[in-house]
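Chains C and F, in that order, give the protein sequences. In terms of this note's numbering, the first sequence is residues 1198 to 1315. In terms of this note's numbering, the second sequence is residues 5 to 120. Here's the structure we're looking at; comments come further down.
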Amino acid sequence: EAGVVQSPRYKIIEKKQPVAFWCNPISGHNTLYWYRQNLGQGPELLIRYENEEAVDDSQLPKDRFSAERLKGVDSTLKIQPAELGDSAVYLCASSLVRERSFSYNEQFFGPGTRLTVL
Amino acid sequence: AQKVTQAQTEISVVEKEDVTLDCVYETRDTTYYLFWYKQPPSGELVFLIRRNSFDEQNEISGRYSWNFQKSTSSFNFTITASQVVDSAVYFCALGHSSSNTGKLIFGQGTTLQVKP
């Protein structure tokens, strides 16, 4: 079974430039997450999708960040314009969440995109 | 407030030594989940274990073992007879079951270096 795929793996841009990251979750997974991981820190959730719907975007800086998940499968995270402080690893994860399930579903992570803003 | 603290930033051991990674969490919920993830240099977070708040039994999986103690809000991870391949960053994380939100709160991670 293929894991979570992310591209690109690395991206270097100058500040004020736009950038986009792509994520393909594990087939059949209805829930998709974008996390940001700053150097030396644990990941922090930016946005969570259930199918096509963004159900938790409270941590997403909406002035410059946007995300979409067309058809409830692939997702794109965009930053426009990028700032120096956006340098981080952006991780995508997916899980299969069943309704009315007490169990907490395991999240499978992709390798991440390392963004460097100069 | 929900918080995960991994006080050990870096640990260095020699191969075959045992090592324990500490994790302390804070939550007001009575139902929650605790996780350990491994992040090798490749960057991908690898799931190691999930434990719910109602199950305080310790668990052993090969060289890995976990000690969950609600009384001290700790969920420590021990690697027995460490190997060089165990070198990675290890994250402890806390999740809540309310609405099955799926949000994980991670600690800052502990970098483990196992020297040959």
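From the three backbone atoms N, C-alpha and C, an ideal C-beta is built for every residue, glycine too.
> What first and last residue would you give for the beta strand (DSSP E) that runs through F/Cys96?
Replying inline: 92 to 100
> Tell me which same chain residues have a C-beta within less than 6 Å of the C-beta of F/Val18, skipping the five on either side of it?
Replying inline: Lys119
>> Quick test of your reading: F/Ser86 and F/Glu14, contact by CB under 8 Å. State the CB separation rounded to the nearest angstrom.
In response: Actually they do not touch by this definition, with Cβ atoms about 14 Å apart.
> Can you find a CB in chain F that lies within less than 9 Å of the CB of C/Val1286?
Replying inline: yes
> Identify the residues that DSSP records as bridge partners of F/Val17: which are they?
Replying inline: F/Val118
> Do the region 1209 to 1222 of chain C and the region 81 to 96 of chain F touch if we need at least three Cβ pairs shorter than 8 Å?
Replying inline: no
>> Less than 7 Å between C-beta atoms, sequence neighbours within five positions excluded: which residues of the same chain meet that for C/Val1314?
In response: Ile1210, Lys1212, Ala1279, Glu1280, Leu1281, Asp1283, Ser1284
> When you compare only the Cα positions, how much space is there between F/Phe155 and F/Cys96?
Replying inline: Outside the displayed range of chain F (5 to 120) lies residue 155 of chain F, so it cannot be described from this structure.
>> Quick check: what's the CA-CA separation for C/Arg1206 versus C/Leu1267?
In response: 21 Å
>> Under DSSP, the beta strand (DSSP E) around F/Thr82 begins and ends at which residues?
In response: 78 to 83
>> Quick check on the DSSP output: the beta strand (DSSP E) that includes C/Lys1213 runs from which residue to which?
In response: Segment: none, C/Lys1213 is in no beta strand (DSSP E) and carries neither H nor E.
> Roughly how many whole angstroms lie between the Cα atoms of F/Leu116 and F/Ser91?
Replying inline: Rounded to the nearest angstrom, the two C-alpha atoms are 5 Å apart.
> What residue does the beta strand (DSSP E) around C/Gln1203 start on, and which one ends it?
Replying inline: 1202 to 1204
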